[in-house]
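These notes concern the structure reproduced below.
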């Protein structure tokens, strides 16, 4: 219970009577999972209310989406990628760009498009301006319902992944980052798939975990990153059979989703990969700040990829050489954080990738608060930067935005440093403080190191 085990929450609880006593009876119906689902629903609804200033209901209506912090891709891409005209992503083409997302996200949009039409929205070419507004509004509402359901699925999985710690899911449910970013894009789809994959692995269902991670990668790239740490953890713990069936499930699921588009529309399938390869340093990245400062980084793909490779190498050595095998949640967070901190772009909704993994890696409200402050400052800064609201009156550089990017990177680095400290000194790890090993690690929990690793570490110690 956080009010007993988390110093930050315990301090706050003393202001309202202190933690429950030793003989207190917990409510029968209000389980931690149900509380998290209710809180998450309220936070999500607050985010919907927050976005009302950007809700266009009349053709020609003017909004201030940057000033009011309510920008979203959802309505814009509905009309800007041919969905409003009734076209199928990837397979149909027209005078609009190809959808720049992995295939499962495109199929998810197609499902939403069909639901929108089923609910009576006009579609096709030649719509009036008001008909286009009405159809787009219906599509946005369909998204609000389905993305909300994906958030609840994420919370349910989060609360059940680490046995004995269901209250940790409240760090996701109560996060203002969810209210701020959940309806910017479709990132809750891969987030929900990744959360359920980690739950399946925790419950010792590696095949299902692999399938869900494969589907997650078919919706967004980042679930692929979890396979590297999982490989090294299984190698250290002699659980390669479990890894093998997970990889098989991953390959089958990803191929099943991607193969039809790859065969029928190979150029459209490649659009996501070429789009990300060709882009320069973009919003939110350190490289974008360098570009704004007049110091663009040459050969950015090589620099960004090289730094990420160095980060992966450091994480790999940490997994193999740490005195005690790290927990899966810890290294999953580290590898995704390394990717985002070195990536060429950091969209505000990427916080949704990190938040559930941060809770698995470091379930402490103090670190959650540090992380949240950095993300919210950046969330405000990016939109006001795009709206020109932070630009100095003398026309000089928008250094407030630069500082917001650096602050966000610093708060992410803070949590990374604390997690690395926990790995090297497990006594600081909140999950292991009661003697547990890796309760969310599935078959990794309680596993002993492989003999070859012990011999390697002894040889390395003798050499040094």
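Numbering (the UniProt record's numbering), first residue to last: 1 to 464. Quick reminder that beta carbons are idealized off the backbone N, C-alpha and C, glycines included.
Among the options, whose alpha-carbon lies nearest the alpha-carbon of residue i?
i	options	result
residue 110	60, 146, 214 and 207	146
residue 294	351, 251 and 396	396
residue 513	326, 403, 219 and 278	This structure gives no information on residue 513, because the portion of the chain shown stretches from 1 to 464.
residue 37	170, 203 and 314	170
residue 32	325, 207, 166 and 92	166
residue 481	86, 214 and 177	With the chain covering only 1 through 464, there is no way to say anything about residue 481.
residue 88	261, 187, 444 and 368	261
residue 446	304, 432, 453 and 266	432
residue 309	331, 338 and 82	338
residue 343	271, 401 and 311	311
residue 421	192, 28, 324 and 76	324
residue 410	341, 427 and 437	341
residue 196	358, 236 and 154	154
residue 80	210, 453, 96 and 286	96
residue 208	362, 249, 244 and 192	249
Under the rule that 16 or more other beta-carbon atoms within 10 Å means buried, what is residue i, buried or exposed?
i	result
residue 58	exposed
residue 139	buried
residue 333	buried
residue 143	buried
residue 306	exposed
residue 129	exposed
residue 251	exposed
residue 277	exposed
residue 373	exposed
residue 125	exposed
residue 60	exposed
Look at the alpha carbon of residue i and the alpha carbon of residue j, and state the distance between them as a whole number of angstroms.
i	j	result
residue 385	residue 44	25 Å
residue 391	residue 381	11 Å
residue 345	residue 383	15 Å
residue 226	residue 288	26 Å
residue 256	residue 274	21 Å
residue 417	residue 222	21 Å
residue 216	residue 353	11 Å
residue 369	residue 412	11 Å
residue 258	residue 218	7 Å
residue 239	residue 444	7 Å
residue 108	residue 364	34 Å
residue 116	residue 131	13 Å
residue 360	residue 163	11 Å
Please state whether the Cβ-Cβ distance between residue i and residue j is less than 8 Å.
i	j	result
residue 348	residue 184	yes
residue 122	residue 141	no
residue 242	residue 206	yes
residue 212	residue 200	yes
residue 98	residue 271	yes
Excluding sequence positions up to five away, which residues of its chain have a Cβ less than 7 Å from the Cβ of residue i?
i	result
residue 174	39 and 43
residue 65	54 and 71
residue 375	177, 351 and 408
residue 78	84, 136 and 139
residue 159	32, 33, 36, 166 and 169
residue 63	53, 54 and 56
Among the residues of its own chain, which have a CB less than 8 Å from the CB of residue i, if the five just before and after it don't count?
i	result
residue 179	43, 44, 46, 47 and 50
residue 398	292, 385, 390, 391 and 392
residue 279	344 and 345
residue 92	82
residue 450	235, 236, 237 and 238
Give every residue of the same chain whose Cβ lies closer than 6 Å to the Cβ of residue i, excluding the five residues on either side of it in the sequence, and list them in chain order.
i	result
residue 269	261 and 262
residue 202	161, 440 and 442
residue 387	66 and 67
residue 187	349 and 352
For a cutoff of 8 Å on Cβ pairs, would you count residue i as touching chain B?
i	result
residue 336	In the structure shown, chain B does not exist; there is a single protein chain.
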